[in-house]
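Written below as structure tokens is the structure these notes are about.
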Amino acid sequence: MLRIFFATLAVCVLAGCDPTDKPTMNPGQDCMTCHCTTDSTCTASRLPWTAAGTIFADFSSTDTGGVQGVHVLIMDALDAGVSLTTNAAGNFYTAEPLTPPLNIYIEYQGTDAGMLNHPTPAMIYGAGVPGKGVGCNGCHQAPDPTTCNQQGITIPYPPNPPGGGVGYAPWGRIALPGVPIPTCPGTSN
Amino acid sequence: MIRFTLRGALAAALVLAIGLPRTAHAEYAPVLHLLPEGAAPQLQLLPDLVETKKKRKKPAPAPTPDTSTPTPDLGTTPSEATPTPVPAPEAEPARPAPVAKDVPAAAPADNSSSSGDMNFDLLGESKHHEPTAVELAIAHEAEVRRTTLTIHQTAGLATLGLLAATVLVGQLNYMDKFAGSAPSNTAKWETPHTVLAFATFGGFAATGMLGLFAPVPYDKPVKADTTLAHKLCMGAATLGMMSELGLGVYTASREGYGNQKGIAQAHQIIGFSTLVFMSAGASAFLF
């Protein structure tokens, strides 16, 4: 009897070593699609994030190119701050209450940069979205290579932020600070 | 002949000297006639025993001196032997004390069992005692208690192993999530820790129930002993286990919040403390 119990326990323990829903899941995708409480499509409503995203090594990195150990500092309109660190997949997330618009800074190995824009959920997902946090993918997504306009949202291209930094991400990723922002093919930018 | 006589005397003296049980004297009685006549007065109590032995076992050869009994090796019969006491030269003849000690000299014949066996009924009660219903119930409860506590012991040791594994995997989970400036946060130890934790909690609860609800058929006064130490340690471990259950669930629910690390640290400390208390409680019965 004890042998059966311990054998079953061992199987359960080992089977749980690689969960499907984990902090490293789906890097590069819009976390707020599921981690929200707006409607029934929020399949991860048990863990609603107020801000979440992935940081990559380069603007053109693939989904597996997330960087671990990037520090993300988020300050809200009430000067409440949240300090996060990206995990093995480059993901970061928080459920702390944040009042947009947000000021976001990232730091990696002594190099830091601040985001020039100040995102709000309404800015990303449109007005009237209570229960939806600030995701990154609303703006930081791959643009149409022919027009260089970002998909799904009307953000004029350029501008690239003068002097670099974390600003509009024409190639769909939030990259490490100091990484040159690429220009749109066929333009001077 | 002398050698044989000396051997018998030596054996008798040795038996008396080392104080064998009373029945041993009777068992040795058949050879007592081999003793020289000089040694007989020192064993004056033994003939009574021999007579008792003879009554019990009719076919037994008569050990007492008898002219009809051939004693060719001795060369003489006790009746022919001279009555002058001749102490055995190599024996310790002056040791009647063990005889008096092992076979009470003052013990009258009616102090022995009337059934004729070689036991002594010192308490004066030789009647067969029929157990009463109360005694039978107590005996049954004692048997149930023994079985229950045996299972309690086995389950407790298994639970202790589970708790050790839970604490170990929990430590790995903590390090994966919070250790260092850039934790991996892969959560690969989270589910194993959860499975082990609930298995441990279930085992702890079941083991505790077995110990608590085991029948107690006799009075067990509280005193400072290993049982009390076991109960105190397990009481502390129970408090730790209960708080761990609540803290563990609460820690998991704080995913994404800044205070999760602090709660996890409390959960970690109480987990190690619970392991220490449970180990101490288990080892209380080992030392």
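If you're matching them up, the sequences are chains A and B in order. If you count the first sequence from 1, position 99 lands on 141 in the working numbering, and the numbers rise without skipping. If you count the second sequence from 1, position 212 lands on 215 in the working numbering, and the numbers rise without skipping. Virtual Cβ for every residue (Gly too), placed ideally from N, Cα, C.
Using CA atoms only, rank isn't needed, just tell me which of 162(B), 173(B) and 251(B) is closest to residue 211(B). 162(B)
Buried versus exposed call for residue 280(B) [16 or more other C-beta atoms within 10 Å across all chains shown]: buried
8 Å Cβ cutoff met for residue 138(A) and residue 177(B): no
Drop a sphere of 10 angstroms on the beta-carbon of residue 271(B), count the other beta-carbons inside from all chains shown, and report buried for 16 or more, exposed for fewer. Burial call: buried.
Can you list the residues of chain B that residue 130(A) reaches, using a CB-CB cut of under 8 Å? 187, 188 and 189
State yes or no: is the C-beta of residue 244(B) within less than 8 Å of the C-beta of residue 204(B)? yes
If you follow the alpha helix (DSSP H) that residue 177(B) is in, where does it begin and where does it stop? 136 to 181
For residue 82(B), does the three-state DSSP call read helix, strand or coil? Because the pLDDT of residue 82(B) is 41, which lies under 50, any placement of that residue in the model is unreliable, and the number read from its coordinates should be weighed accordingly. Coil at residue 82(B), not helix or strand.
Is the distance from the Cβ of residue 133(A) to the Cβ of residue 96(A) below 8 Å? Note that the C-beta distance between residue 133(A) and residue 96(A) is below 8 Å.
Could you pull the DSSP bridge partners for residue 123(A) from this structure? 117(A)
Could you tell me if residue 217(A) is buried or exposed, where buried requires 16 or more neighbouring beta carbons within 10 angstroms of its beta carbon? buried
Spell out whether any CB of chain A is found under 8 Å from the CB atom of residue 247(B). no
At a cut of 8 Å, does the segment 168 to 184 of chain B reach the segment 219 to 226 of chain B through at least three beta carbon pairs? no
Could you check where the alpha helix (DSSP H) with residue 241(B) kicks off and where it finishes? 229 to 256
Should the segment 143 to 156 of chain A be regarded as contacting the segment 107 to 114 of chain A, the criterion being three or more beta carbon pairs within less than 8 Å? yes
Output needed in chain order: residues of the segment 257 to 272 of chain B with a Cβ under 9 Å from some Cβ in chain A. 257, 258, 259, 260 and 261
Return the residues of the segment 142 to 157 of chain A that lie within a Cβ-Cβ distance of less than 7 Å from chain B, sorted by chain order. none
Confirm, please, whether the CB-CB distance from residue 158(B) to residue 233(B) is below 8 Å. No; because the gap between Cβ atoms is not below 8 Å, this pair is not in contact.
Keeping to the same chain, check which residues put their C-beta closer than 6 Å to that of residue 196(B); ignore five residues upstream and five downstream. 172, 173 and 176
Please state whether the Cβ-Cβ distance between residue 130(A) and residue 83(A) is less than 8 Å. no
Taking the Cβ atom as the reference point for each residue, do residue 94(A) and residue 77(A) lie within a distance shorter than 8 Å? yes
Span separating the alpha-carbon of residue 45(A) from that of residue 208(B): 20 Å
Mark residue 118(A) as exposed unless 16 or more other C-beta atoms lie within 10 angstroms of its C-beta, in which case mark it buried. buried
Does the beta carbon of residue 137(A) come closer than 8 Å to any beta carbon on chain B? yes
Across which residues does DSSP place residue 154(A) in a beta bridge pair? Beta-bridge pairing links residue 154(A) to 149(A).
According to DSSP, is residue 176(A) part of a helix, a strand, or is it coil? strand
Go to residue 136(A), then tell me how far its beta strand (DSSP E) extends in each direction, as first and last residue. 133 to 136
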